[in-house]
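Undergrad: Numbering (my numbering), first residue to last: -4 to 164. Note that the Cβ used here is the ideal one computed from N, Cα and C, for glycine as well.
1. Could you give the C-beta distance for residue 35 and residue 42, rounded to a whole number, given that I count them as a contact under 8 angstroms?
2. Tell me, please, which residues DSSP counts as bridged to residue 9.
3. If I measure Cβ to Cβ from residue 126 and keep anything under 6 angstroms in the same chain, skipping five residues before and after, which residues do I get?
4. According to DSSP, is residue 14 helix, strand or coil?
5. Could you work out which residue in 96, 146 and 66 is closest to residue 128 when comparing CA atoms only?
6. I think residue 63 touches residue 107, with their Cβ atoms under 8 angstroms apart; what is that distance to the nearest whole Å?
7. Our contact map puts residue 101 next to residue 71 with C-beta atoms below 8 angstroms; I'd like the distance itself, whole angstroms only.
8. Quick one: give me the first and last residue of the alpha helix (DSSP H) that residue 134 is part of.
9. Look up residue 154 in the DSSP assignment and say whether it is helix, strand or coil.
10. Just to confirm my understanding: we take residue 29, look at its own chain, exclude 5 residues before and 5 after, and list those with CB closer than 8 angstroms. What are they?
11. Exposed or buried, residue 113, counting other C-beta atoms within 10 Å across all chains shown (16 or more means buried)?
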């Protein structure tokens, strides 16, 4: 049984936010997520997600939850450092490595243990989130996963974008 369902009208690449539903029959609207932010059902911003690819330097990930903390994301484990913090990041089509290697990013702040997001290896992009601080917004963690998913290769995502109605969203 899913804990939450994300739904988006249109293709992955449209600017429409994902609607996040949970509860009995997944009928309760929890809010909205995009690759850059999480917002409450009343459209109040909960926080932001930022990713900057570092070129020759390592990638930087920053997740800010208003009223709590700014979390810095760091690669955790050898595969993660290879994917996000080494010169191999400059190789063309490096995203195809996501199909071979899993990676994990840990988001921490001085005042919070934050959370960890893991993308499992394989052509199907599957993610696992571990939240170490109950104050962290689950919507913000989902926004972080959406941002990660935008930066990885998934044949299903390409197929949906190719077949989706371009006039819807």
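TA: The answer reads as follows:
1. To locate residue 35, count along the chain shown from 1; it is residue 40. To locate residue 42, count along the chain shown from 1; it is residue 47. With 8 angstroms as the limit, residue 35 and residue 42 do not qualify as a contact, their Cβ atoms being about 11 angstroms apart.
2. The residue you call residue 9 lines up with position 14 of the chain shown. Paired residues: none, contrary to the question.
3. For the purposes of this step, residue 126 is taken as the residue at position 131 of the chain shown. Cβ neighbours of residue 126 beyond the five flanking positions: 110.
4. Taking the chain shown and counting its residues from 1, the one referred to as residue 14 is at position 19. DSSP places residue 14 within a strand segment (E or B) once states are collapsed to three.
5. Working through the chain shown from its first residue, we reach residue 128 at position 133. Closest by alpha carbon: 66.
6. Working through the chain shown from its first residue, we reach residue 63 at position 68. Working through the chain shown from its first residue, we reach residue 107 at position 112. With 8 angstroms as the limit, residue 63 and residue 107 qualify as a contact, their Cβ atoms being about 6 angstroms apart.
7. Taking the chain shown and counting its residues from 1, one reaches residue 101 at position 106. Taking the chain shown and counting its residues from 1, one reaches residue 71 at position 76. About 4 angstroms; that satisfies the 8 angstroms criterion.
8. Here residue 134 refers to the residue found at position 139 when the chain shown is read from its first residue. Start and end: 133 to 145.
9. For the purposes of this step, residue 154 is taken as the residue at position 159 of the chain shown. Here residue 154 sits in helix by DSSP.
10. Locating residue 29 in the chain shown gives position 34, where the first residue counts as 1. Counting only Cβ-Cβ distances below 8 angstroms, and skipping sequence neighbours, we find 10, 12, 13, 138 and 141.
11. Here the question's residue 113 lines up with position 118 in the chain shown. Residue 113 comes out buried.
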